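Chemist: Quick one: the structure is below, and I'll ask about it shortly.
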Amino acid sequence: MSSQSRLYSKPEISHQVREARYFYLHQRRVVDHRLVVLCGGRETCTPDYEVDRPTFPYFGIEWVERGRGELWLKERRYPLHPGAVFCYGPGVPHRIRTDPQQPLTKCFLDFTGTEARSLLERASLPPGRCIQSTNSLDFREIFEGMYREGTHPGPDVHEIAAAYLRLLLLKTRARRVRSPRNGSAQLETFLRCRQFIQDQFLRYTTIAALARALGLTPSYLCRLFREHGEISPYQFLLRLRMNYALDRLLLSGGCVKRACYEAGFTDPAHFSRLFKRVHGLSPRELATKTLRASRATS
Numbered sequence: 425m426s427s428q429s430r431l432y433s434k435p436e437i438s439h440q441v442r443e444a445r446y447f448y449l450h451q452r453r454v455v456d457h458r459l460v461v462l463c464g465g466r467e468t469c470t471p472d473y474e475v476d477r478p479t480f481p482y483f484g485i486e487w488v489e490r491g492r493g494e495l496w497l498k499e500r501r502y503p504l505h506p507g508a509v510f511c512y513g514p515g516v517p518h519r520i521r522t523d524p525q526q527p528l529t530k531c532f533l534d535f536t537g538t539e540a541r542s543l544l545e546r547a548s549l550p551p552g553r554c555i556q557s558t559n560s561l562d563f564r565e566i567f568e569g570m571y572r573e574g575t576h577p578g579p580d581v582h583e584i585a586a587a588y589l590r591l592l593l594l595k596t597r598a599r600r601v602r603s604p605r606n607g608s609a610q611l612e613t614f615l616r617c618r619q620f621i622q623d624q625f626l627r628y629t630t631i632a633a634l635a636r637a638l639g640l641t642p643s644y645l646c647r648l649f650r651e652h653g654e655i656s657p658y659q660f661l662l663r664l665r666m667n668y669a670l671d672r673l674l675l676s677g678g679c680v681k682r683a684c685y686e687a688g689f690t691d692p693a694h695f696s697r698l699f700k701r702v703h704g705l706s707p708r709e710l711a712t713k714t715l716r717a718s719r720a721t722s
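Just so you know, we're using our numbering here: the sequence shown kicks off at 425 and counts up by one.
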């Protein structure tokens, strides 16, 4: 580990976005140069979004949360749809273009470090490669965690961000789609179902209702998730609703009943039990802890 501290230059960010939130760590001095996160964020692209770069000074990982588009890495074309993960870096020409009818929403990280390339190789994601992943909630939660840390940085923020990045790379390797046993048609059906649940989780709150809306049986929907998604559709639906409830809880200043009803639940006591099962703390405990920390750093 090097003991010499340094600053890094600000990575380039596209302005062709409709909604975006970013964090920047490049201006904070770094001592441990093995793996250094410089910036990251989540952005929803405008219909005319297109990025075309001959190279990039750092390593970049992007994960498609929703929408569709096209990607060229070293002149090789890849279709982009939810679950796509790709990497670029120094010496890797890359072009990203959204589908104007289904604009991309994607999360990204820019990073560097003496161990960065070897970690990417171990994750089967060297610069210039695009893969398909399953279990989008794992990726969403990692990016959300890193965003929280990056927007309220403490003295250990670089170490925490590097730990999140290592976890992201491990999850990328673990969740990578290899060769679907029943062909690409089944994978496409799974991706369609997963996207539908992500879009409609507040409208359809049971697996039976979701399966009907998708034109499938509940048992087939469960089998799709078992073969491709690692967790059951019920767990996927519950975590989506609880992540939404967490957002509503914090935006309301800690009002548990409001978060409960806005997330589609009718019984605050039952809601609190499920919330604790997913997040590890009751709504009141988590809101108190998070809001207190936010006030302390503001």
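Note that CB positions come from ideal geometry on N, CA and C, so glycine has one too. Please read all numbers here as calculations on a predicted model, not as lab measurements.
Determine the extent of the alpha helix (DSSP H) in which H694 is found, giving its start and end residues.
Modeler: Here the alpha helix (DSSP H) through H694 covers 692-703.
Chemist: Does DSSP put K530 in a helix, a strand or coil?
Modeler: Looking at K530 - three-state DSSP - the assignment turns out to be strand.
Chemist: Helix, strand or coil, according to DSSP, for Q610 in the structure here?
Modeler: In this structure, Q610 counts as helix in the three-state DSSP scheme.
Chemist: In the DSSP assignment, find the unbroken beta strand (DSSP E) run with H518 in it and report its ends.
Modeler: Its beta strand (DSSP E) spans residues 518-522.
Chemist: Using the DSSP secondary-structure output, state which residues sit across from R490 in a beta bridge.
Modeler: Partner(s): T529.
Chemist: Are the CB atoms of T522 and G569 nearer to each other than 8 Å?
Modeler: Cβ atoms of T522 and G569: not closer than 8 Å.
Chemist: Rounding to the nearest angstrom, what Cα-Cα distance links E651 and Q451 in this structure?
Modeler: Those two C-alpha atoms are separated by around 44 Å.
Chemist: What first and last residue would you give for the alpha helix (DSSP H) that runs through F660?
Modeler: Taken as a continuous stretch (DSSP letters only), the alpha helix (DSSP H) holding F660 covers 657-675.
Chemist: Against chain D, does G677 count as a neighbour if the rule is that its beta carbon must be under 8 Å from one of theirs?
Modeler: Looking for chain D here will not work: only one protein chain is present.
Chemist: Measuring straight from C-alpha to C-alpha, what distance separates L670 and P707?
Modeler: Rounded to the nearest angstrom, the two C-alpha atoms are 8 Å apart.
Chemist: Go to P503, then tell me how far its beta strand (DSSP E) extends in each direction, as first and last residue.
Modeler: It spans 500-504 - the beta strand (DSSP E) in which P503 sits, taken as one unbroken run.
Chemist: Confirm, please, whether the CB-CB distance from F447 to G465 is below 8 Å.
Modeler: In this structure, F447 lies closer than 8 Å to G465 by Cβ.
Chemist: Would you mind giving the Cβ-Cβ distance between Y571 and P527, rounded to the nearest angstrom? I have them listed as a contact below 8 Å.
Modeler: Not a contact, Cβ separation roughly 20 Å.
Chemist: Helix, strand or coil for A508? Go by DSSP, reduced to three states.
Modeler: Note: A508 maps to strand in three-state DSSP.
Chemist: Using only the alpha-carbon positions, how far apart do F483 and P692 sit?
Modeler: So the alpha carbons of these two residues sit roughly 45 Å apart.
Chemist: For the putative contact between L544 and I520, defined by C-beta atoms under 8 Å, what is the C-beta separation to the nearest angstrom?
Modeler: Not quite, the Cβ-Cβ distance comes to about 18 Å (not below 8 Å), so this is no contact.
Chemist: Once DSSP output is grouped into helix, strand and coil, what is the label at I485?
Modeler: Correct three-state label for I485: strand.
Chemist: Starting from the Cα of Y502, find the closest Cα among M666, A547, I555 and give me that residue.
Modeler: Of the listed residues, the one whose Cα sits closest to Y502 is I555.
Chemist: Hey, could you find the ends of the alpha helix (DSSP H) V581 is sitting in?
Modeler: Segment 581-599, the alpha helix (DSSP H) holding V581.
Chemist: First and last residue of the alpha helix (DSSP H) that includes F567?
Modeler: 560-575 is the span of the alpha helix (DSSP H), which, as asked, contains F567.
Chemist: Which of helix, strand or coil does DSSP assign to R716?
Modeler: Looking at R716 - three-state DSSP - the assignment turns out to be helix.
Chemist: Quick check: the Cα distance between R618 and F649, rounded to an integer number of angstroms?
Modeler: The straight-line gap from Cα to Cα measures roughly 9 Å.
Chemist: In terms of residues, what are the limits of the beta strand (DSSP E) holding A444?
Modeler: Start and end: 441-448.
Chemist: Would you say F563 and I621 are within 8 Å of each other, going by their C-beta atoms?
Modeler: No; because the gap between Cβ atoms is not below 8 Å, this pair is not in contact.
Chemist: Under the rule that 16 or more other beta-carbon atoms within 10 Å means buried, what is N606, buried or exposed?
Modeler: Reliability of the predicted coordinates at N606 is poor, the pLDDT of 48 falling under 50, and no value is obtained from them.
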